[in-house]
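Chains U and Z supply the protein sequences, listed in that same order. Throughout, this note's numbering is defined as the position within the first sequence, counted from one, plus 902. Throughout, this note's numbering is defined as the position within the second sequence, counted from one, plus 17. All remarks here apply to the structure that follows.
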Amino acid sequence: MALLQLSEPGMSPKPHQRKNAVGIDLGTTHSLVASVRSGSAEVIADIQGRKLLPSVVHYASALNGAEQITVGDDARVKAVSDPLNTIISIKRLMGRGVDDVSTFDHHMPYRFAEQNGTGMPIIETAAGNVSPVQVSAEILKVLAQRGREALGDELDGAVITVPAYFDEAQRQATKDAATLAGLNVLRLLNEPTAAAIAYGLDQQDEGIIAVYDLGGGTFDISILRLQAGVFEVLSTGGDTALGGDDFDRAIAEWILKESQYDKDVTPGLSRELMESARSIKEQLSGLDSVNAFIQHGDFSWQGELTRAWFDGLIETLVARTLKVCKGAVRDAKVKMKDLVNVVMVGGSTRVPYVRQRVSELFGRDPMIDIDPDLVVATGAALQADVLVGNKSSDDMLLLDVNPLSLGIETMGGLAEKIIERNVTIPIAKAQEFTTYKDGQTAMAVHVVQGERELVADCRSLARFELRGIPPMVAGAARILVTFQVDADGLLSVTAKEMTTGIETNVTVKPSYGLEEEQITQMLKDSIAHAKDDVHARQLREKQVDAEGLLASIENALAEDGEMLLNAAERNDIEVALQRLREVVVGDDQHAIAREIDRAGQASNEFATRRMDASIKQALSGKSIDAITVDKEG
Amino acid sequence: MSLTDNYFQLFDLPEQYSLDDNALRATYRDLQRKTHPDKFANASKQEQLLAVQYAATVNDACDVLTSSLKRAIYMLKLKGFEIDPQQSAAMDPMFLIQQMELREELENVSRVDDPEAALEKISEQLGKDLEDLEKCFAVQIEVLDESNAVAAQDTVKKMQFVVKVQSEVEHLEHELLDV
């Protein structure tokens, strides 16, 4: 065994190593991956130079025992000929329950399988049943592979973007998909915020800006204050079921009406109409009118669509986005005239009528300098570069908000808000509740999300029970319910009975989401499938974790150890670190996990003191660390 | 400086009702620069959890201190006087009549010729009412003891009233004035 290496105090134990991080825009109609290379963020193209990967997955029946899954352009060509096995716009189903799907105004052609208990819409395909999370994971795998090929090595982490108005269940589903694709998620980043980064860092903007983001299936509006590298979201609003898809549908429905076709529309014809509609829409961005001829089976239509008529077809849809914009401006407590810029994001902002109405509303020409299809992935890559540690995080700070109020059900089916919308995350809020009946020993906690007064009108996120409340008269027990939303916008809930201290913790997993074990099992299956060694992979992950922890505590000791620890305390930490160093070179992943825990515990008080000291420093503006020597100077 | 500090101490501000908004914003940004989880994306799990806890506390503190109503409730609580939502003590009848009149105006707003102007007028009145109550509370909290706590609590309840009507005005604005 090699001798242990000791680095000079204050020096990083490893030379600065550039890490591989990507930003991924997982879109409704297409997805992209970008990375910062030689200083600037660039979208990574495939071998044929295509930057946009259509968010389409095709499942074919098993051949020689292996599933046939194709993603992207190769899958899209099968959309019309094999509609039931070609999954498009899967983002619309992410985090949704079977019940939600049945209320969609637009019928999806897929066969949904019965799935006991989960409530997740499971799609039957020729290659077996798949969940929306799995379909999204297939798209992410292709993008990750693109990233690996471009960067020449394994990825250390990824920032994945989500619509700002995505609720808890939709965010969790996205994160699950990334985990399933084997990605280390550095952060879920809101799409408009990502766009603001791409623009803000480019333009060195100061002041209040609006980001209008109309994608294939979702609409977001965010109002941000930009100041000295701080991107502070003041408010956000949106509609997670409104986008360019709906423009296509409006055209398709108009064509169907014009054609006077009176038979049932088959899934294949439906797809054909949607594809033609999309093409007509795209052409109308540059032309005043488009002639089209559509033939599918016994369906045939020839006609002309003018831009003016198209504008009329989408008028109410665009008006819906404008109403949301006004609400967001009001929520931000600013006036239209306070805005210094309006940024356009998402492919659907190419539609001239959208640009026209947005300019009228905000009273200024929107910014379209960066390609609206690429801007979100670009911003995500910039954030990923910072989070992974390649770029100093001092220059940039993102303060995002919770898009929808979070609360619990109280008597009479009313929703009591605990964390309000548009409050900056991460956030923790606690509220006390009490019992309703004499001698009540358990309490059902129903976590909901939404702005409406009635629970029935809100989204149900999770239910759990707090048991073991000592019997008391009604109203005497004191139950403290704490909600915490982390920087990804994900919620965890704690309920605690104050007189006994009985506590229940839940990380909210939507009722129709995946259980942690299910994801682990799926991951194992997929790895086994690829004939990889599960244990080797897990060991490697643990070793990376351990090395990261060692480096971080060693640095902390070098910086603040002298100042914040006495000799005995420091010795305890050093001993724990030495134990960890001894096991990390071995192959016992459980021993490594155990020593990681111990080292974490040993250094917990130190970490807290460092945080307190750094706050003190922030307030006093003076250096607390007299012993830090500038090695470069 | 730690999590157990009260929010004024955390923000290094004097414990008084009227506060310097600019100083609050500046300190807020400094604190977020030190505690935000993005600054710990590369750190150990344990430090990341700690960062979420600290940043959440800083955000909650900022939320509470920025809102004149939440700040008032918080200051009462620091001095040991909670606002009990169950307990509805008799309120100043003059205030109640005034508020009822405002509510009536609000209910009729959709039927008047110029709802926008009517809402604007109500909104202005509410803003003035809230400002008066804030001034009143600023004095009361300075000399707070057992004998006059009820008066301060009463002021806060009036503020709650006004803030509730304000949110109804905002809701109506959204309903009435849009496409």
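Just so you know, even glycine gets a beta-carbon here, dropped at the ideal spot from N, CA and C. Computed from a prediction, not measured in an experiment: that's the story for all the values here.
The Cβ atoms of A1397/U and V1383/U sit closer than 7 Å to each other. The beta carbon of V69/Z sits closer than 7 Å to some beta carbon of chain U. Using a Cβ-Cβ cut-off of 7 Å, Q63/Z counts as an interface residue toward chain U, since at least one Cβ of chain U sits closer than that to its own. Residues of the segment 30-55 of chain Z that bring their beta carbon within less than 8 Å of a beta carbon in chain U comprise T44, R46, D47, L48, Q49, R50, K51, T52, H53, P54 and D55, in sequence order. Legend: CB atoms of the segment 155-174 of chain Z lying less than 8 Å from CB atoms of chain U are not found in any residue. Looking at the DSSP output, G1309/U shares a beta bridge with K1319/U and V1350/U. Cβ neighbours of L1301/U within its own chain (closer than 6 Å, five residues either side excluded): E1134 and T1326. Secondary structure note for D1058/U: it is in no alpha helix (DSSP H), with a DSSP letter that is neither H nor E.
Taking the C-beta atoms as reference points, R1209/U is found nearer than 7 Å to D1190/U.
Collapsing the DSSP output to three states places Y1012/U in coil. Under the Cβ criterion (8 Å, minimum of three pairs), the segment 977-995 of chain U does not count as touching the segment 1052-1060 of chain U. Our two residues, F154/Z and S35/Z, have alpha carbons roughly 10 Å apart in a direct line.
For V81/Z, the secondary structure class from DSSP, reduced to helix, strand or coil, is helix.
Comparing C-alpha distances from K1043/U to each of A962/U, L1082/U, I1329/U and L1116/U shows the shortest one belongs to L1082/U. When Cβ pairs closer than 8 Å are counted between the two stretches, the segment 144-154 of chain Z is seen to touch the segment 177-184 of chain Z, the count reaching three or more. One thing to note: A1066/U has its Cβ no nearer than 7 Å to the Cβ of A962/U. DSSP places R50/Z within a helical segment (H, G or I) once states are collapsed to three. With contacts defined as CB atoms closer than 7 Å, G1352/U and L1392/U fail to qualify as a contacting pair.
From the beta-carbon of A135/Z, no residue of chain U is found nearer than 9 Å; the closest lies around 17 Å away. Along the segment 1363-1387 of chain U, the positions whose C-beta sits under 7 Å from a C-beta of chain Z are Q1386, read in chain order.
If you check the CB distance, V1303/U and N1324/U come in under 7 Å. Using a 10 angstroms sphere on the CB of T21/Z, the tally of other CB atoms stays under 16, which defines it as exposed. The three-state reading of DSSP puts R978/U in helix, counting H, G and I together.
The criterion of a C-beta distance shorter than 7 Å is satisfied by P1268/U and V1260/U. K174/Z is the residue among K51/Z, S140/Z and K174/Z whose C-alpha sits nearest the C-alpha of L113/Z. Under the three-pair Cβ rule at 8 Å, the segment 1309-1320 of chain U does not count as touching the segment 951-962 of chain U. Contact between A923/U and D1447/U does not hold, since their C-beta atoms are separated by about 17 Å, which reaches or exceeds 8 Å.
For A89/Z, no Cβ of chain U is located within less than 7 Å of the residue's own Cβ. Boundaries cannot be given for F1068/U, as no beta strand (DSSP E) includes it and DSSP labels it neither H nor E.
Just so you know, the alpha carbons of A169/Z and D109/Z end up roughly 13 Å apart.
Against chain Z, the beta carbon of V1325/U has neighbours under 9 Å at N76, D77 and D80, listed in chain order.
For M1246/U, the enclosing beta strand (DSSP E) begins and ends at L1241 to V1247. Within chain U, the residues placing a beta-carbon under 9 Å from that of E187/Z are R1232 and D1233, ordered along the chain. Of the candidates I1196/U, L1128/U, A1470/U and S937/U, L1128/U places its Cα closest to the Cα of M1298/U. N59/Z reaches chain U at L1289, V1290, G1291, G1450 and S1454, counting residues in chain order whose Cβ is nearer than 8 Å.
Cβ contact annotation for L1091/U (same chain, cutoff 6 Å, sequence separation greater than five): V1061, T1063, A1282 and Q1285, in chain order.
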